[in-house]
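Chains as they are written, first to last, in my numbering: chain A, 1 to 249; chain B, 250 to 527. Note that the Cβ used here is the ideal one computed from N, Cα and C, for glycine as well. Fair warning: this is a prediction, and the values are worked out from it, not measured in the lab.
Shown next as C-alpha cells:
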C-alpha cells in the first residue's frame, strides 16, 4: 500500500490489515493518523449549538407567509416563473458578459442587460414584499410596483391579487392606485371592471371607480350601472358611480 | 405545537354559571392575565371583535392583561366553540371572549355571540398590535411601540403616543393618529370613507406622501414639496399676524417631506386630511 492509498483510507475506515501493515512501516502516516484522530476528538468537544427561541417562531411566520402566498391566485406558476426568471436573467447576464468580453464596444447591449437585471430585481422585491404578513410591508411591496416595467405581468397579477384578496383595506387601496402604471394593458382594464362587483369596502369601490374614469373605460358602464342601482351599496359609492357614468359617456 | 395556552374568561372566574345573578350585573368587569411565552422576543397582540369598543394600552409589564365588561351579559349565552385538535377545554365563558397565546402572539376574539364586550387590554410597550372590529365604538391604541394595524368598521380610530408604523382604516369614523417616531423604511396608510384623517408625524420624518380626498380639503404645517404633476397648493401665510403657515391642497396630490422616503398614504372620501408636524 502506498502512502497516498493509506491516507485516503484514513479519512474513512481506519481498520484493516493493509492499513495496519502500512502504518507499522511508515512514520509519516502514523503521525497523520494521530493528527486526524486528535482533530475528530476536539471536534467532539465543541458544544452542540441549540437553535435560539425565535428561530422556531420565524420559521413558522415564514411558513405561514409562504402558505398565504400559496393560497393566493396561481402560486405555483408564480414560483416556477421566479425560478425561470432567475435562470433567464442569469443566462442573459452571462450572454451579455460574453458579448462584452469579445470587445467591439457593445455598450448599448450591456446597458439593456443591466436594465433587465434591475427590472427583475425590482420585480422580486415587489413580489416578495407583497406576500409578507405585515400590512406595512405589503404596502412597501405595492410602492415597489411603481418601479416595475409597465409590461411586467407578474407584478400586475400580484397587484390584482392584492386588490381582490388582501385582508387589509389600506393595502387594497394602494394596490388599486398602483394599477395606473399598467393602464396600457387591456387586461388591467378588464380586471378592474371585474373587480368592481366583488369589492365591498366603499373606499376601495370609490378608488376603482376613479381608476375606471381615468382609464376612460367605456366597458365599465354595465358594472357601474349595477352598482349605482344597488340600494345595499354605500350612498357615496353610488353617487360616485353615477358621476363616473356621466364622465364616461 | 406544545403548550398552546387556551384560556376562556369564564374559567378564571370561579364557576360563573353557578352565579347567574352576579353575571347579569351590568359592567361586571372580568380580568385575566396572559403571559407571553418569550417576553424578550417580539410580541404580538391580535384583537378581532364583532361588537364593542377596544382599547389597547402599553404598560411597563411583561404580560397581557385583558379586561372585559359585557354590556348585557348573560342574556344570550355564548355557544361553546369547537375544541381545537390536541387541546382541551379549561372552562366555558359567558362573556364571549376567547384569549389564546401561541408563539408570543396573544389573540383576543369575541363579541360574536352574546352582547357587545368592551375590551381594555394592556400589553408591554414593545408589542405589535393588530385590531379589527366590526360594529360598535372606538378603537383606541396608546403608548405602543411596534407595528400597528387597526380596522374599525363603524367607529373612530384613535392611535396616540405611539412609535413604529401605523396602518389604519375606519369606514365610518375619524382616524386620528399621533406618532412620536417612525421605523425607517416602513410604509404607512391612513384611510376613512366618512371622516377626517388627522395625523401627527415627527417633524424630521422623511416620507413620500400621497393624499386624496373627494369631498374635503387638505391641510398641513409641514413643508411638503408637491410633485409638479399635482395641482399647485394654495398657501395661507398668517405668520405676519402670529398665525401659522398653511398649505392647502386640492384633491389628489403627491409630494415629499424632508427629501422623501417611504410612502405614506392619506385617503378620505367625505372628510378633511390634516397632517400636523409634531
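Asked	Found
Test item: CB-CB of residue 206 of chain A and residue 237 of chain A under 8 Å	yes
Closer than 8 Å to chain A by CB, residue 342 of chain B	In this predicted model, residue 342 of chain B has a pLDDT of only 49, less than 50, meaning its place in the structure is not dependable; the value taken from the coordinates is given anyway. No, no contact with chain A.
Beta carbon proximity, residue 84 of chain A to chain B, threshold 8 Å	no
Any 3 or more C-beta pairs closer than 8 Å across the stretch 387-403 of chain B and the stretch 300-313 of chain B	yes
Neighbour-count burial assignment, residue 561 of chain B, 16 or more Cβ in a 10 Å radius	Only positions 250 to 527 of chain B appear in this structure, which leaves residue 561 of chain B out of reach.
Residue 383 of chain B Cβ short of 7 Å to the ligand PLP heavy atom set	This structure simply doesn't include the ligand PLP, nor any ligand for that matter.
Three-state secondary structure (DSSP) of residue 334 of chain B	coil
Cβ-Cβ distance between residue 170 of chain A and residue 358 of chain B below 8 Å	no
Beta carbon proximity, residue 437 of chain B to chain A, threshold 8 Å	yes
Spatial neighbours of residue 521 of chain B in its chain, beta-carbon cut-off 6 Å, leaving aside the 5 residues before and after	445, 465, 466
CB contact below 8 Å: residue 512 of chain B versus chain A	yes
8 Å Cβ cutoff met for residue 509 of chain B and residue 459 of chain B	no
Residues within the stretch 128-140 of chain A neighbouring chain B, beta-carbon criterion of under 8 Å	134, 135, 136, 137, 139, 140
Where residue 420 of chain B meets chain A, residues with beta-carbon distance less than 9 Å	169, 201, 202, 203, 234
Interface positions of the stretch 41-62 of chain A facing chain B (Cβ-Cβ less than 8 Å), listed along the chain	53, 54, 56, 57, 60
Per DSSP, cross-strand counterpart(s) of residue 419 of chain B	B/401, B/441
Spatial distance of residue 506 of chain B from residue 457 of chain B (CA atoms)	6 Å
Host beta strand (DSSP E) of residue 457 of chain B (start-end)	456-462
Chain A residues whose Cβ lies nearer than 7 Å to that of residue 426 of chain B	Correct list: empty, because the minimum Cβ distance to chain A is about 12 Å.
Any chain B beta carbon closer than 8 Å to residue 143 of chain A	yes
Buried/exposed call for residue 276 of chain B, threshold 16 Cβ in 10 Å	No answer about residue 276 of chain B holds up, because its pLDDT of 45 lies below 50 and its placement is not dependable.
Buried or exposed by the 16-neighbour rule on C-beta atoms within 10 Å, applied to residue 413 of chain B	buried
Residues from the stretch 170-184 of chain A in contact with chain B, defined by Cβ distance under 7 Å	170, 173, 174
CB contact flag (residue 234 of chain A, residue 402 of chain B, <8 Å)	no
Beta bridge counterpart(s) of residue 131 of chain A as assigned by DSSP	DSSP output for residue 131 of chain A lists no bridge partner at all.
Whether residue 316 of chain B touches residue 292 of chain B by CB criterion (8 Å)	no
Contact between the stretch 404-420 of chain B and the stretch 180-192 of chain A (3+ Cβ pairs under 8 Å)	no
Cα-Cα separation, residue 451 of chain B to residue 57 of chain A	32 Å
Buried versus exposed call for residue 39 of chain A [16 or more other C-beta atoms within 10 Å across all chains shown]	exposed
Cα-Cα separation between residue 175 of chain A and residue 163 of chain A, rounded to whole angstroms	6 Å
Under 8 Å between C-beta atoms of residue 131 of chain A and residue 61 of chain A	no
Option in A/181, A/91, A/194, A/201 with minimal Cα separation from residue 166 of chain A	A/201
Short-range partners of chain A found in the stretch 290-304 of chain B, where Cβ spacing is below 9 Å	290, 291
is_contact[residue 192 of chain A, chain B] using C-beta, thresh 8 Å	no
Residue(s) in a DSSP beta bridge with residue 297 of chain B	B/358, B/381
Residue 272 of chain B classed as buried or exposed, judged by whether at least 16 other C-beta atoms fall within 10 angstroms	With a pLDDT of 37 at residue 272 of chain B, under the threshold of 50, the predicted position of this residue should be treated as unreliable, and no value is reported.
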